[in-house]
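Colleague: One structure coming up, written as structure tokens, with questions to follow.
Number of protein chains: 2
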Amino acid sequence: MVQVKRNLKVQKYGGSSLADEEKIRTVAKKIKSALEQGYRLAVVVSANGDTTNRLISKAKGINPSPHNRELDMLVSTGEQISASLLTMALHAEDVQAISVNAYQLGIETNQAYTEAKIRKIDTRRLHRYLTDYEVLVVTGFQGITQENEITTLGRGGSDTSAVALAATLECDCEIFSDFDGIFTVDPRIMPKAKKIERITYDEMLEMACLGANVLHNRAVEIAKKYNVRLRCASTFSDKGGTRVTENYLETPIVSGLSVMKDQTHITLSNLPQGVAINKEVFTIASSKNWNIDMISIIQVNGHLDVAFTVVESVIDDVKSTYESIFEQYEGVVIRAQTGFAKISVVGLGMRTESGVASRFFAALAKGSIHVKMVTTSEIKISVLIPQEQLETAVSCLSEEFDLCSE
Amino acid sequence: MVQVKRNLKVQKYGGSSLADEEKIRTVAKKIKSALEQGYRLAVVVSANGDTTNRLISKAKGINPSPHNRELDMLVSTGEQISASLLTMALHAEDVQAISVNAYQLGIETNQAYTEAKIRKIDTRRLHRYLTDYEVLVVTGFQGITQENEITTLGRGGSDTSAVALAATLECDCEIFSDFDGIFTVDPRIMPKAKKIERITYDEMLEMACLGANVLHNRAVEIAKKYNVRLRCASTFSDKGGTRVTENYLETPIVSGLSVMKDQTHITLSNLPQGVAINKEVFTIASSKNWNIDMISIIQVNGHLDVAFTVVESVIDDVKSTYESIFEQYEGVVIRAQTGFAKISVVGLGMRTESGVASRFFAALAKGSIHVKMVTTSEIKISVLIPQEQLETAVSCLSEEFDLCSE
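Printed below as a string of structure tokens:
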């Protein structure tokens, strides 16, 4: 039994790795070479290319507010197309493969259409397929409820499917995309960013937006919980990629730097002392699905000032909602200031190494960066800065913490 | 219970009726107007436009001989896309609708991938859905085996799905397409062909190729077996269409005329008397899936001549196969002559009315049509003629049997 498990591996191929016939054939060859190393594989696939977006735009053309249940019925077809096409390519390589969808494999989720959570995977079926076939090609991103309704897992859902499968099979998981791995800084912002060889789950979770989104947070959370060793690498090269694991010795002080653009700074000032901030500010935000970040609350002269950031696309909704909530109080002022970027450095080493914060701010000062807000966690420092200063700030910090090659 | 059944109806919409957003909205409105007449509906949909062909050509690009199981996994997505999009359009019209695929509805088939036969439909689930929703939108063309494998039903499969549902629900079935109904002659060949108001199952079965393929034979067989009343009509007009039912009074002598082009005349001559024709000629043909037609066998001077027709696309395979089988016998000659068309007239009235055959051949003689072969059934006469004479022959026969308007 142990031996079987040691020979199992989960691989996940993203949509752009399956975008055309040529790429699908390349993936099939890559899988075949893993078989030749003695593995049996469960391969998780995303919808190819822009299929999902195309289907959603078709849906919205027919009904601007489609029911989530029907949306999931619709978009889940994309992964089924990928899975069967890849299986055909594997057959052309003489590989014994079979495609299965979430229903056939028994990937059970809750009923939260478009953002369902996996409850369990039918272990018996999984092992039966892996006994009968060398490669099991699994539709990522989708699940099935107890009532046989099709669900999807939301953004990054195929990563989540892959890690959940690896957790169930107690084996390693490889996430293949167009990128060579995870980088210290998003290579689109800093082309000289270094590839990270190894990073911990915790650092990865803090750096959600690092490395051109190669790995989704929910997947990392599951990997951490079930101790699934991950490797993120390129479909189209044989470079080693990045390994995501538990803590390890010799960790760098700062592992990477992440950036979120198009942030808006919202202030609600002069709120009366008695206002139930939790209820009137944050519960609303959560029910509206605004992603509120960098919250700070200050009490001055018997009233409260609340500040936080949101993405630019929701400003109008944020303003009008709070205006109607606070119109009952006199003197409350609501301001939204656009044009900011959030920049964060993350590193497990910060926990033990002192002086990281002072190096961080000194580096920003060198570039005359105007810091609007600051938040920190045990392994992260984040600042909100004017977006036009982003490039300078990234350069200063990359140099200070040695994040670029050369 | 009887009352519920009386208010149920199955409708089927073909792929070209669902080809774009505008057409999908039109179909949704048509369904809504049926609801306003007091019906609950099970609506069967095909894949929209050329989705199925596009998917198949993608598959063949990746693997020239894809496994049928994977092909079914692939192409079945087309109907699921149609079903969810139409359901969204119904929601936009405030109709309580839900889409279900073959697996959710429990449309069980045998394991014959790409040409599966329906075994049964889960009546309990069907009635539960039709209690909870005004409209149940069902993916046509697909089924599920007892082992949860996805199958498809082959050409005309969505018609078959629709009639099978109607048989299960014991209700009427409407088949909507781009055509106003079934015509006496394919309107693409004879634009003045008359629309048939009413036709029997048996006539419809004989006229497989009539009326621009609006109705598939397997669907008619099931309709006949379970006495499901069919109506074929246009999605985009309110004309009455054609009703397909049991026998009725006042049937015309000839109901229609059907044409099959690109036929090849094959002769195997000088076969020795002792040859096992069934085994060496017809079993092979059936295992190769050649559609052999118009068979005639003649015994002359102690040897056998066999002649039949096949479609042009398989000639090479037919010739080489029989050459290798019969090379052991001396003197056997295998000939293939291309460029023929088969023309048939069909009518229940032939059973009682005498003299139809002589009128048929006299009409052909008037046009100096060269008749290569003849076959007849109780309600049909077919001849093989040179394809270049097809138009003349259709004109002569249409005039003789009053098949055109004006």
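For the protein sequence lines, the chains are A and B, in the order given. Take 0 as the starting number for the first sequence in numbering that gives the first Met the number 0 and just add one per residue. Take 0 as the starting number for the second sequence in numbering that gives the first Met the number 0 and just add one per residue. Glycine is no exception: its CB is placed at the ideal position from the N, C-alpha and C atoms.
(1) For the alpha helix (DSSP H) holding S397 (chain A), just list the boundary residues, first then last.
(2) Under 7 Å between beta-carbons, which chain B residues line up against Y128 (chain A)? List them in chain order, please.
(3) Does any residue of chain A bring its CB to less than 8 Å from the CB of P271 (chain B)?
(4) I think M203 (chain B) touches V219 (chain B), with their Cβ atoms under 8 Å apart; what is that distance to the nearest whole Å?
(5) My parser needs the beta strand (DSSP E) runs of 3 or more residues fully inside the segment 140-200 of chain B; what are they?
(6) If you reduce the DSSP assignment to three classes, tell me which class C403 (chain A) lands in.
(7) Is the CB-CB distance between I181 (chain A) and L89 (chain A) below 8 Å?
(8) What are the residues of the segment 41-62 of chain B that lie near chain A, defined by any Cβ-Cβ distance shorter than 8 Å?
(9) Please tell me whether A211 (chain B) has its Cβ less than 8 Å away from any Cβ of chain A.
(10) Considering only C-alpha positions, which residue in the set B:A27, B:G156, B:S257 and B:F140 is nearest to I97 (chain B)?
(11) Over the uninterrupted beta strand (DSSP E) stretch that includes M259 (chain B), give me the two end residues.
(12) When you compare the segment 136-155 of chain A with the segment 37-49 of chain A, are there three or more beta-carbon pairs, one atom per stretch, that lie closer than 8 Å?
(13) With respect to the alpha helix (DSSP H) encompassing E21 (chain B), which residues constitute its N-terminal and C-terminal limits?
(14) Write down every uninterrupted run of the alpha helix (DSSP H) in the segment 266-335 of chain B whose length is 4 residues or greater and which is fully enclosed by it, in chain order.
(15) I'd like the span of the alpha helix (DSSP H) that includes K238 (chain A), first residue to last.
(16) Exposed or buried, which one is A356 (chain B) when buried takes at least 16 other CB atoms within 10 Å?
(17) Measuring only the C-alpha atoms, how far is A211 (chain A) from C403 (chain A)?
(18) Would a check of beta-carbon distances place N147 (chain B) closer than 8 Å to chain A?
(19) For Q388 (chain A) versus G338 (chain A), is the C-beta spacing smaller than 8 Å?
(20) Quick check: what's the CA-CA separation for G366 (chain B) versus F359 (chain B)?
(21) So what's E107 (chain B) in DSSP terms, helix, strand or just coil?
(22) Could you name the residues of chain A that L152 (chain B) contacts, counting a contact when the two beta carbons are closer than 7 Å?
(23) Rank B:I324, B:P186, B:D71 and B:L256 by C-alpha distance to the C-alpha of T144 (chain B) and give the top, closest one.
(24) Could you give the residue range of the alpha helix (DSSP H) that holds V74 (chain A)?
(25) Sorted by chain position, which residues of the same chain lie with C-beta nearer than 6 Å to D121 (chain B)'s C-beta, five sequence neighbours on each side aside?
(26) How about T420 (chain B): is its C-beta nearer than 8 Å to some C-beta of chain A?
(27) Give the DSSP-derived three-state secondary structure of M206 (chain B) in the structure shown.
(28) So, is K11 (chain B) buried or exposed, given that buried needs 16 or more other C-beta atoms within 10 angstroms?
(29) Roughly how many angstroms lie between the CA atoms of Y225 (chain B) and A163 (chain B), to the nearest whole one?
(30) Check whether the Cβ atoms of A340 (chain A) and M259 (chain A) sit closer than 8 Å, and answer yes or no.
(31) Given R334 (chain B), which residues of its chain have a CB within under 6 Å of its CB, disregarding the five upstream and five downstream residues?
(32) Please confirm if A284 (chain B) has its CB atom under 8 Å from at least one CB of chain A.
(33) So that I know if they touch, is there some Cβ in chain B lying closer than 8 Å to that of H264 (chain A)?
(34) At 8 Å on the CB atoms, spell out the chain B contacts of Q95 (chain A), in chain order.
Modeller: In short:
(1) In the first sequence, counting from the first residue as 1, residue 397 (chain A) sits at position 398. L389 to E399 is the extent of the alpha helix (DSSP H) around S397 (chain A).
(2) Position 129 of the first sequence holds residue 128 (chain A). In chain order: nothing, as chain B lies at least about 12 Å away.
(3) Numbered from its first residue, the second sequence carries residue 271 (chain B) at position 272. So no, P271 (chain B) is outside the interface.
(4) Residue numbering aside, residue 203 (chain B) sits at position 204 when the second sequence is read from its first letter. Residue numbering aside, residue 219 (chain B) sits at position 220 when the second sequence is read from its first letter. Confirmed, Cβ separation roughly 5 Å.
(5) 141-143, 149-151, 171-176 and 197-199
(6) Taking the first residue of the first sequence as 1, we reach residue 403 (chain A) at position 404. C403 (chain A) falls in the strand class under three-state DSSP.
(7) Taking the first residue of the first sequence as 1, we reach residue 181 (chain A) at position 182. Taking the first residue of the first sequence as 1, we reach residue 89 (chain A) at position 90. With contacts defined by Cβ atoms closer than 8 Å, I181 (chain A) and L89 (chain A) do not form a contacting pair.
(8) L54, K57, A58, G60, I61 and N62
(9) For the purposes of this step, residue 211 (chain B) is taken as residue 212 along the second sequence, with counting starting at 1. A caution first: A211 (chain B) carries a pLDDT of 49, below 50, which makes its placement in the model unreliable, though a value can still be read off. Interface with chain A (8 Å Cβ-Cβ cutoff): A211 (chain B) is excluded.
(10) Translated into the one-based positions of the second sequence, residue 97 (chain B) becomes position 98. Residue B:A27 is the option with its Cα nearest to I97 (chain B).
(11) By one-based count along the second sequence, residue 259 (chain B) stands at place 260. Where M259 (chain B) is concerned, the enclosing beta strand (DSSP E) stretches over G255 to P271.
(12) yes
(13) If you number the second sequence from 1, residue 21 (chain B) lands on position 22. Run containing E21 (chain B): E20 to E35, per the alpha helix (DSSP H) assignment.
(14) 283-286 and 314-325
(15) Within the first sequence, numbered from 1, the residue matching residue 238 (chain A) stands at position 239. From DSSP, K238 (chain A) is part of no alpha helix (DSSP H); its letter is neither H nor E.
(16) For the purposes of this step, residue 356 (chain B) is taken as residue 357 along the second sequence, with counting starting at 1. A356 (chain B) is exposed by the Cβ-count criterion.
(17) Within the first sequence, the letter at position 212 stands for residue 211 (chain A). Within the first sequence, the letter at position 404 stands for residue 403 (chain A). Because the pLDDT of A211 (chain A) is 49, which lies under 50, any placement of that residue in the model is unreliable, and the question is left without a value.
(18) As a first step, residue 147 (chain B) is located in the second sequence; it is residue number 148 there, counting from the start. By this cut-off, N147 (chain B) is an interface position.
(19) Mapped onto the first sequence, residue 388 (chain A) falls at position 389. Mapped onto the first sequence, residue 338 (chain A) falls at position 339. No, they are not a contact pair.
(20) Stepping through the second sequence from its first residue, residue 366 (chain B) is reached at position 367. Stepping through the second sequence from its first residue, residue 359 (chain B) is reached at position 360. A direct Cα-Cα distance of roughly 11 Å separates G366 (chain B) from F359 (chain B).
(21) Position 108 of the second sequence holds residue 107 (chain B). E107 (chain B): strand per DSSP, three-state reduction.
(22) Here residue 152 (chain B) corresponds to residue number 153 of the second sequence, with the count starting at 1. Result: empty, since nearest Cβ-Cβ is about 18 Å, beyond 7 Å.
(23) In the second sequence, counting from the first residue as 1, residue 144 (chain B) sits at position 145. The shortest C-alpha separation from T144 (chain B) is found at B:D71.
(24) Taking the first sequence and counting its residues from 1, one reaches residue 74 (chain A) at position 75. Taken as a continuous stretch (DSSP letters only), the alpha helix (DSSP H) holding V74 (chain A) covers N67 to A91.
(25) To locate residue 121 (chain B), count along the second sequence from 1; it is residue 122. Correct list, in chain order: G105.
(26) Outside the modelled stretch of chain B, which goes from 0 to 405, sits residue 420 (chain B), for which no answer is possible.
(27) The count along the second sequence starts at 1 and reaches residue 206 (chain B) at position 207. DSSP places M206 (chain B) in coil when its eight states are reduced to three.
(28) Walking along the second sequence from the start, residue 11 (chain B) turns up at place 12. K11 (chain B) is buried by the Cβ-count criterion.
(29) By one-based count along the second sequence, residue 225 (chain B) stands at place 226. By one-based count along the second sequence, residue 163 (chain B) stands at place 164. Cα to Cα, the separation comes out at about 9 Å.
(30) Taking the first sequence and counting its residues from 1, one reaches residue 340 (chain A) at position 341. Taking the first sequence and counting its residues from 1, one reaches residue 259 (chain A) at position 260. In contact: A340 (chain A) and M259 (chain A) (Cβ atoms closer than 8 Å).
(31) Mapped onto the second sequence, residue 334 (chain B) falls at position 335. Contacts found: T266.
(32) Locating residue 284 (chain B) in the second sequence gives position 285, where the first residue counts as 1. Put simply, the CB of A284 (chain B) is far from chain A, with every gap to its CB atoms at 8 Å or more.
(33) Here residue 264 (chain A) is taken as the residue at index 265 of the first sequence, counted from 1. H264 (chain A) does not count as touching chain B.
(34) Start at 1 with the first residue of the first sequence, and residue 95 (chain A) comes out as number 96. The contacting residues do not exist; Q95 (chain A) stays about 11 Å from chain B at best.
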